[in-house]
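Colleague: Going line by line, the protein sequences match chains L and E.
Residue numbers for the first sequence follow the working numbering, beginning at 8 and rising by one.
Residue numbers for the second sequence follow the working numbering, beginning at 8 and rising by one.
I have a structure here, written as structure tokens, and I will follow up with some questions on it.
Number of protein chains: 2
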Amino acid sequence: MLDNIQIVMVNTTHSGNIGAAARAMKNMGLSRLVLVDPKADINEEAIQRSSRAEDILHQAVITDTLEEAIADCGFVVGTSARSRNIPWPLLNPRECATKVAQAAGQNSRIALVFGRESSGLTNEELHLCHAHVHIPTDENFSSLNVSQAIQVMCYEMRLAAISEGGDQSSADHPIWGVDWDYELASHAELNGMLQHMEQTMVDIGFLDPNTPKQTMARMRRLYQRAGMDKMEINIMRGMFSAVQRQQASLKTAESAEQDGDSH
Amino acid sequence: MLDNIQIVMVNTTHSGNIGAAARAMKNMGLSRLVLVDPKADINEEAIQRSSRAEDILHQAVITDTLEEAIADCGFVVGTSARSRNIPWPLLNPRECATKVAQAAGQNSRIALVFGRESSGLTNEELHLCHAHVHIPTDENFSSLNVSQAIQVMCYEMRLAAISEGGDQSSADHPIWGVDWDYELASHAELNGMLQHMEQTMVDIGFLDPNTPKQTMARMRRLYQRAGMDKMEINIMRGMFSAVQRQQASLKTAESAEQDGDSH
């Protein structure tokens with residue numbers, strides 16, 4: 008299970024936090040660190056704070072965007088302190104660990120995404136996540152250091168990994184309770200379907216291309232929540248392609264009609 | 008929570024089982040019994056087996072079809088001994104009780120559906136359920152009496168009701184972890200959306216009306232699994248209506264084109 012999990016840090020501004028995160032990960036048996044457009048170097052301070060977890064720092068993957076970082080992940084969880092304008096599935100850390108164990112039981116890659124020290128994750132970034140996780144804190148003092156948040160989450164991941172097979176809701180128990188017939192779709196495949204859906208909605212005049220936000224955010228939330236498999240993605244995309252072919256013949260027919268009028 | 012739950016018995020053939028079910032329900036604090044096209048009467052034997060739960064028998068609702076019985080329910084669970092040709096979300100009784108408590112926390116009506124003494128529920132009936140529940144039994148002796156199965160499920164419902172508010176995953180904790188902005192769609196609303204989807208797929212030539220089964224079963228599974236809210240239903244239906252309007256104008260344009268040719 009733990010090998011399926013990558014810790015994703017977005018726009019981290021302090022080298023020490025990157026080092027401390029690497030140490031927290033290694034303490035709990037995780038090794039995959041992804042840094043999205045980091046604003047701090049992996050410097051001497053980072054290595055010193057990592058204690059003897061330099062190997063994780065050396066192997067850390069650096070990407071330009073969060074999209075790249077999570078492209079091959081089947082389950083993506085973002086840490087969130089605030090509640091959102093559109094409500095999103097929200098887990099506590101233990102519930103999150105159970106879901107991660109279940110997704111890992113289906114050989115999915117999992118991403119746990121942590122935001123900026125100053126401002127966390129943006130709404131756009133949080134909307135890319137299947138679910139959000141909130142670490143319970145004193146509401147009068149709720150802002151955790153990012154490496155501490157990573158420590159708490161990695162600890163819960165480890166507890167779940169240890170209990171694997173131990174209980175019904177753990178990793179030997181697939182995410183839908185039965186062995187599924189198709190693999191979970193990756194984030195990239197889900198994105199492809201949602202882009203196809205948005206383009207189709209625009210083509211047929213259902214969606215205003217200038218204000219797609221709320222509708223598409225709700226559609227993304229719906230399909231991410233369901234945890235789509237690859238066959239379900241294929242069916243949806245097949246339907247959208249059929250709609251687009253129809254739209255094309257409509258345009259042809261209309262222009263043909265105009266030619267007819269011009270006789 | 009318990010008041011939100013209805014026990015649905017399909018084509019029950021023994022009056023004694025209906026009476027015993029009523030008693031089991033009352034023992035655990037449930038009261039809503041629905042009989043779908045019962046093959047046995049509420050007779051002296053039923054009343055005697057119900058002990059002092061005649062009130063449940065007298066108030067029992069009788070319907071012709073399972074669809075009618077679950078029309079206003081937001082969460083429907085079917086008991087299943089067998090695994091299916093298409094895998095479906097499968098819960099154990101305790102997991103089921105947690106989900107029921109969460110749905111009840113959102114004021115949804117819940118249906119627990121039990122099949123025939125002889126043959127259980129059909130695939131068609133099981134496909135109407137958001138999830139299936141399997142009561143663990145000795146695999147060499149796995150067939151429970153229907154009233155015993157109802158007893159086990161009502162017992163788990165009662166445990167969940169007692170622990171309400173007691174733990175994170177119970178009824179004070181909404182099904183998606185946050186207070187949602189729209190109500191869960193009812194079974195009838197979900198069905199309306201799926202019928203609209205199927206008709207649209209047929210209109211645009213994506214779905215062969217003679218063999219829609221597998222595709223539509225997968226779509227039903229997808230949207231039931233997601234637990235759609237009313238707004239999501241509206242968005243989907245709005246999209247299908249737009250596709251159908253487009254299809255209509257295509258037909259018009261084509262006939263106009265033919266008129267043009269006929270000049």
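Glycine included, C-beta positions come from ideal geometry on N, C-alpha and C.
1) How about alanine 60 of chain L and glutamine 158 of chain L: do their beta carbons lie closer than 8 Å?
2) Does the distance from the C-beta atom of histidine 137 of chain L to that of valine 209 of chain L stay below 8 Å?
3) Tell me which residues share the same chain as leucine 278 of chain E and place their Cβ nearer than 6 Å to its Cβ, disregarding the 5 neighbours each side in the sequence.
4) Classify glutamine 265 of chain L as buried or exposed, calling it buried when 16 or more other Cβ atoms lie within 10 Å of its own Cβ.
5) Report the three-state DSSP secondary structure of arginine 39 of chain E (helix, strand or coil).
6) Taking the continuous beta strand (DSSP E) assigned at alanine 118 of chain E, which residues delimit it?
7) Look at the alpha carbon of arginine 232 of chain L and the alpha carbon of threonine 86 of chain L, and state the distance between them as a whole number of angstroms.
8) Please report how far the alpha carbon of alanine 67 of chain E lies from the alpha carbon of alanine 28 of chain L, in whole angstroms.
9) Mapping the DSSP letters down to three states, classify histidine 1 of chain L as helix, strand or coil.
10) Mapping DSSP to helix, strand and coil, what is threonine 105 of chain E?
11) Does chain E have any CB closer than 8 Å to the CB of leucine 229 of chain L?
12) Could you give the residue range of the beta strand (DSSP E) that holds methionine 16 of chain E?
13) Considering only the alpha carbon of each residue, which of E/Glu51, E/Ala260, E/Ser38 and E/Tyr162 lies closest to glycine 23 of chain E?
14) Take the Cβ of glycine 212 of chain L as the centre, count every other Cβ of all protein chains shown within 10 Å, and call the residue buried at 16 or more, exposed below.
15) Hey, could you find the ends of the beta strand (DSSP E) glycine 81 of chain L is sitting in?
16) Which complete alpha helix (DSSP H) runs does the stretch 187-215 of chain E hold, if anything under 4 residues is left out?
17) Tell me which residues of the stretch 29-45 of chain L have at least one Cβ-Cβ distance to chain E shorter than 9 Å, keeping chain order.
18) Taking beta-carbon pairs under 8 Å, can you tell me which members of the stretch 254-265 of chain E lie near chain L?
19) Keeping to the same chain, check which residues put their C-beta closer than 8 Å to that of alanine 195 of chain L; ignore five residues upstream and five downstream.
20) Quick one: what's got a C-beta closer than 7 Å to tyrosine 162 of chain E's C-beta in the same chain, skipping five residues either side?
21) For the putative contact between phenylalanine 148 of chain E and histidine 203 of chain E, defined by C-beta atoms under 8 Å, what is the C-beta separation to the nearest angstrom?
22) Just the C-alpha distance for serine 170 of chain E and alanine 110 of chain E, rounded to the nearest angstrom, thanks.
23) Does DSSP put threonine 259 of chain E in a helix, in a strand, or in coil?
24) Could you give the DSSP three-state label for threonine 70 of chain E: helix, strand or coil?
25) With a threshold of 8 Å between beta-carbons, can methionine 160 of chain L be considered close to chain E, or not?
26) For a contact meaning CB atoms closer than 7 Å, what does threonine 222 of chain E contact in chain L?
27) Just verifying my parser: in three-state terms, what is the DSSP assignment at aspartate 48 of chain E?
28) Identify, in the order they occur along the chain, each residue of the same chain with its Cβ nearer than 6 Å to the Cβ of asparagine 217 of chain E, setting aside the five sequence neighbours on each side.
Modeller: Concretely, from the data shown:
1) No; because the gap between Cβ atoms is not below 8 Å, this pair is not in contact.
2) Not closer than 8 Å, so no.
3) Nothing in the structure corresponds to residue 278 of chain E, since chain E is present only between 8 and 270.
4) When all chains shown are included, glutamine 265 of chain L counts as exposed.
5) Per DSSP, reduced to three states, the secondary structure at arginine 39 of chain E is strand.
6) For alanine 118 of chain E, the enclosing beta strand (DSSP E) covers residues 116-121.
7) Inter-residue distance for arginine 232 of chain L and threonine 86 of chain L is about 16 Å (C-alpha atoms, whole angstroms).
8) Approximately 60 Å, taken between the alpha carbons.
9) Since the first residue shown for chain L is 8 and the last is 270, residue 1 of chain L is missing from the structure and cannot be characterised.
10) In the structure shown, the three-state DSSP call for threonine 105 of chain E is helix.
11) So, interface residue.
12) Annotation for methionine 16 of chain E: the continuous beta strand (DSSP E) segment containing it runs 12-17.
13) Measuring from the Cα of glycine 23 of chain E, the nearest candidate turns out to be E/Glu51.
14) Under this definition glycine 212 of chain L is an exposed residue.
15) Where glycine 81 of chain L is concerned, the enclosing beta strand (DSSP E) stretches over 80-86.
16) For the stretch 187-215 of chain E, whole alpha helix (DSSP H) runs of length 4 or above, ordered along the chain, are 194-210.
17) Residues: none.
18) Within the stretch 254-265 of chain E, the qualifying residues are Gln254, Ser256, Leu257, Ala260, Glu261, Ala263 and Glu264.
19) Spatial neighbours of alanine 195 of chain L in its own chain (CB-CB distance under 8 Å, excluding positions within 5 residues in sequence) are listed in chain order as Ala78 and Asp79.
20) Excluding positions up to five away in sequence, the list reads Met35.
21) About 45 Å; that fails the 8 Å criterion.
22) Taking C-alpha positions only, serine 170 of chain E is separated from alanine 110 of chain E by approximately 15 Å.
23) Looking at threonine 259 of chain E - three-state DSSP - the assignment turns out to be helix.
24) In the three-state scheme derived from DSSP, where H, G and I count as helix and E and B as strand, threonine 70 of chain E is classed as strand.
25) Not closer than 8 Å to any Cβ of chain E, the Cβ of methionine 160 of chain L fails to qualify, so no.
26) Near threonine 222 of chain E (Cβ distances below 7 Å), the residues of chain L are Ile242.
27) In the structure shown, aspartate 48 of chain E adopts coil according to DSSP, grouped into three states.
28) Here the set comprises nothing.
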